[in-house]
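Chains A and B supply the protein sequences, listed in that same order. Just so we're aligned: 12 in the working numbering is position 14 of the first sequence, and the numbers increase by one with no gaps anywhere. Just so we're aligned: 89 in the working numbering is position 91 of the second sequence, and the numbers increase by one with no gaps anywhere. Ideal placement from N, C-alpha and C gives every residue a C-beta, glycine not left out. Below: the structure, in structure tokens.
2 protein chains.
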Amino acid sequence: MMEIKLNTEDIEAMDRDQRRNFVNTLSGIKNVQLLGTQSAEGIDNLGLFNSVVHIGAAPACLGFIMRTLTVERHTYNNLKKTGYFTLNQVHQGILEQAHQASAKYPSGVSEFEAVGLQVQRTSNVQAPYVKEAKIKIGLAFHEEHYIQINHSWLVVGRIVEVLLPDGSIGPTGHVDTAAWDGIGVSGLDTYYNLEQKQQLPYARP
Amino acid sequence: MMEIKLNTEDIEAMDRDQRRNFVNTLSGIKNVQLLGTQSAEGIDNLGLFNSVVHIGAAPACLGFIMRTLTVERHTYNNLKKTGYFTLNQVHQGILEQAHQASAKYPSGVSEFEAVGLQVQRTSNVQAPYVKEAKIKIGLAFHEEHYIQINHSWLVVGRIVEVLLPDGSIGPTGHVDTAAWDGIGVSGLDTYYNLEQKQQLPYARP
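So, in structure tokens, the structure goes:
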């Protein structure tokens, strides 16, 4: 295997689309989630995110990276206003609708209607869930961090509730994403099926 | 499909291992990387991370979540001291060694030797690469953010160089992780093979 080396100048010399695809696919597989919020006017918003990251289990919390506020303004304004958002794991059965939710719809349009997904509500979380999703997480906004290098944000939420299929939590607490048709994404557009390979024991020196 | 709902109290009532597995697997698939650093004394350090997140393509940068400094002290001290770290994407051929690198080795022990992986160096980055990896990224520390909810950190690095197999970058800039035996992880111990399913066009309303 012949190895090549690209430095900063080589990456900057790529055209815009090439560079976006290259850097976005470089870190490997990512999970893909529909993020639901509700506006002050009661309009349900959905966005597609591939940057959800585990923050901690006690308290149970997750984060995600949000691009500049000019790009993801609806999601940001809504979750700051209501204090809530939902993460709905994309599976094979809703992939096309989920990908379509990444289109830039104007204010006043609910992506649920635009892409053909149903709203599900609970009393604890002031944000819409995607009914067709199988693993759904309701979160309360906890904190945000401004990332100087490119004016993006890390948003951290505390898990308030989890909706998932009866029987999906194994005796050790594991949820097997592949068993529920979970998928992964590399970059912004390339989706992967998952197949469980192996579970390894806790490593000791 | 019967749906169940867990609230904060239900999650807190799980035993420690169950809760850790549950929350860690909840967000779906994640990439898995060996993070390389070098200490001031010249000892090469490797850690296993499943929290690498895309921050942006211009400038090209990535971030990762680091647990409290008591847990991941070597990695943190080294990268703050030298200003550099490497991300080496785990593939099927080095999975067992990579997982073993998550064990807590004492100071003064190089995980490279302990788990049986080879060091590769370049002149631009003062941190060791994993020679056996296929997709290797060298980064310069850029900024860090303290996450209040559980005293973890977001560390952001600027990509300085990328080492990868000749022919692995497609004409559109995509790197196909599955073609290079890339794998995913759910939680801390469950590994998945990847199979490319489909590439979808840029979504428009």
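Cβ-based burial, residue i [other Cβ within 10 Å; buried from 16]
i	result
B/Y82	buried
B/T35	buried
B/A99	buried
A/R18	buried
B/H149	exposed
A/A38	exposed
A/S184	buried
B/K132	buried
B/S121	exposed
B/Y190	buried
Residue i versus residue j - alpha carbon distance
i	j	result
B/M(-1)	A/V113	23 Å
B/A96	B/T66	21 Å
A/L161	B/G171	38 Å
B/E141	A/V154	18 Å
B/V88	B/Q116	14 Å
A/A56	B/S25	15 Å
A/I41	B/K102	49 Å
B/S108	B/L33	13 Å
A/W178	A/E94	17 Å
B/D15	A/G106	44 Å
A/R156	B/V21	11 Å
B/L198	B/A11	41 Å
B/L129	B/I92	Note on residue identity: the sequence assigns Lys, not Leu, to residue 129 of chain B. In a straight line, the C-alpha of B/K129 is about 11 Å away from that of B/I92.
A/G136	B/S166	39 Å
A/F47	A/Q31	5 Å
B/T23	B/P203	33 Å
B/Q118	B/G45	16 Å
A/P169	B/N86	33 Å
B/N29	A/V123	29 Å
A/Q90	B/P104	44 Å
A/V173	A/N43	27 Å
B/A49	A/H52	According to the sequence shown, residue 49 of chain B is Ser rather than Ala. Approximately 7 Å, taken between the alpha carbons.
A/L77	B/L152	21 Å
B/A201	A/D13	20 Å
Under the three-state DSSP convention, the category residue i falls into
i	result
B/I167	strand
B/A58	strand
A/K79	helix
A/I135	strand
A/Q124	coil
A/T6	helix
B/T66	coil
B/D15	helix
A/L186	coil
B/I147	coil
A/R71	helix
A/L198	coil
A/L216	This structure gives no information on residue 216 of chain A, because the portion of chain A shown stretches from -1 to 203.
B/E39	coil
A/L46	strand
A/I27	coil
A/V88	coil
Rounded Cβ spacing between residue i and residue j (contact assumed at less than 8 Å)
i	j	result
B/G180	A/I2	About 18 Å separates the two Cβ atoms, so there is no contact after all.
A/T188	B/Q194	7 Å
B/P126	B/F139	So it is not a contact: roughly 16 Å between Cβ atoms.
B/L192	A/G182	6 Å
B/T80	B/K134	B/T80 to B/K134, Cβ: 17 Å. No contact.
The segment 57 to 67 of chain A contacting the segment 143 to 157 of chain B, beta-carbon criterion three pairs below 8 Å: Inter-segment contact for the segment 57 to 67 of chain A and the segment 143 to 157 of chain B is present: three or more beta-carbon pairs are separated by less than 8 Å.
The segment 71 to 88 of chain B touching the segment 1 to 15 of chain B, judged by at least three CB pairs closer than 8 Å: The segment 71 to 88 of chain B vs the segment 1 to 15 of chain B: no contact.
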